[in-house]
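*Asks:*
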Amino acid sequence: SAVISQKPSRDICQRGTSLTIQCQVDSQVTMMFWYRQQPGQSLTLIATANQGSEATYESGFVIDKFPISRPNLTFSTLTVSNMSPEDSSIYLCSVLQGPYEQYFGPGTRLTVT
Amino acid sequence: LAKTTQPISMDSYEGQEVNITCSHNNIATNDYITWYQQFPSQGPRFIIQGYKTKVTNEVASLFIPADRKSSTLSLPRVSLSDTAVYYCLVGYTNAGKSTFGDGTTLTVKP
Chain A
950 SAVISQKPSR DICQRGTSLT IQCQVDSQVT MMFWYRQQPG QSLTLIATAN QGSEATYESG
1010 FVIDKFPISR PNLTFSTLTV SNMSPEDSSI YLCSVLQGPY EQYFGPGTRL TVT
Chain B
165 LAKTTQPISM DSYEGQEVNI TCSHNNIATN DYITWYQQFP SQGPRFIIQG YKTKVTNEVA
225 SLFIPADRKS STLSLPRVSL SDTAVYYCLV GYTNAGKSTF GDGTTLTVKP
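Listed in order, the protein sequences are those of chains A and B.
Position one of the first sequence corresponds to residue 950 (our numbering), numbered consecutively onward.
Position one of the second sequence corresponds to residue 165 (our numbering), numbered consecutively onward.
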């Protein structure tokens, strides 16, 4: 299974600022995903990031708010822009190995004050 | 996307077998059924996946009836460390779609 790391593991940010979260995988993968998980809630898919193409965003999420980069097959970033307290959440990246198995990173816990 | 329905919570005792059932009435032909486990402050961990009938690995079994409208995750002889949230997913992940339901919080008591 893929080993996934995320940076930072947690951060406290002021409203109106932006935070970029990094996701590094120890092997090359085609499909990467970014999720948000609010406290006590399930995971919500933000977008799918494939190398070499624009990220595909789910309903309710837009590129201006959550720009994603995918420069190569082992790395991706998610930026949370112009943050508000409602953006306080855990952000997780995951990768697809095989046709159906996803592996998740440890998550980035974001608090916006 | 197929919507899944699971019990919100379950309690069990150490050493018991636990069965968590997930309903997915609108499952599509291409969809697989996957179960994940999540501990607090960690990302979900893949447990088991299947398409039909029964699948078994070193940690769990997955039972899927012929109509595939439900599935049951079976955890044999649970321990305190199995206390976690368990998610059932139905979808064709390769197409970039993977929707998590609300999950089942399993609490194992001594």
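Just so you know, even glycine gets a beta-carbon here, dropped at the ideal spot from N, CA and C.
Would you call Y177 (chain B) buried or exposed, if buried means 16 or more other Cβ atoms sit within 10 Å of its Cβ?
*Replies:* By the 10 Å Cβ count, Y177 (chain B) comes out exposed.
*Asks:* Mapping the DSSP letters down to three states, classify D1036 (chain A) as helix, strand or coil.
*Replies:* DSSP places D1036 (chain A) in helix when its eight states are reduced to three.
*Asks:* Name, in chain order, the residues that DSSP records as bridge partners for A248 (chain B).
*Replies:* Answer is B:L270.
*Asks:* Pick out whichever of B:A230, B:W199, B:Q180 has its Cα sitting closest to the Cα of C186 (chain B).
*Replies:* Here the closest residue by C-alpha is B:W199.
*Asks:* Looking only at its chain, what residues have a beta carbon closer than 8 Å to the beta carbon of S1030 (chain A), apart from the 5 residues adjacent to it on each side?
*Replies:* Closer than 8 Å at the Cβ level, and outside the excluded window around S1030 (chain A), lie S967, D1013, K1014, F1015, P1016.
*Asks:* Are S979 (chain A) and Q1000 (chain A) close, meaning C-beta to C-beta below 9 Å?
*Replies:* Sequence inspection shows Thr at residue 979 (chain A); the Ser mentioned does not correspond to that position. Yes; because the gap between Cβ atoms is below 9 Å, this pair is in contact.
*Asks:* Comparing C-alpha positions only, which one of B:R241, B:R232, B:Y251 sits nearest to E222 (chain B)?
*Replies:* Taking only the C-alpha atoms, the option nearest E222 (chain B) is B:R241.
*Asks:* Do L1059 (chain A) and Y984 (chain A) come within 9 Å of each other at the CB atom, strictly closer than that value?
*Replies:* Result no, Cβ atoms of Y984 (chain A) and L1059 (chain A) do not sit closer than 9 Å.
*Asks:* Please identify the residue among B:V254, B:S243, B:T271 whose C-alpha is closest to the C-alpha of S234 (chain B).
*Replies:* Of the candidates B:V254, B:S243, B:T271, the one whose C-alpha sits nearest the C-alpha of S234 (chain B) is B:V254.
*Asks:* Looking only at its chain, what residues have a beta carbon closer than 7 Å to the beta carbon of Q170 (chain B), apart from the 5 residues adjacent to it on each side?
*Replies:* I184, C186, C252, G265, D266, G267, T268, listed in sequence order.
*Asks:* Please go through the same chain and pick out, in chain order, the residues whose beta-carbon is closer than 7 Å to the beta-carbon of P951 (chain A), but skip the five residues on each side of it.
*Replies:* Reading off the sequence shown, one finds Ala at residue 951 (chain A), where the question assumed Pro. Same-chain partners within the cutoff: V974, D975, S976, V978, V1044, Q1046, Y1052.
*Asks:* Does K216 (chain B) come out as helix, strand or coil in the three-state DSSP assignment?
*Replies:* Note: K216 (chain B) maps to coil in three-state DSSP.
*Asks:* Check whether the Cβ atoms of I197 (chain B) and Q213 (chain B) lie closer than 9 Å to each other.
*Replies:* For I197 (chain B) and Q213 (chain B), yes; Cβs fall inside 9 Å.
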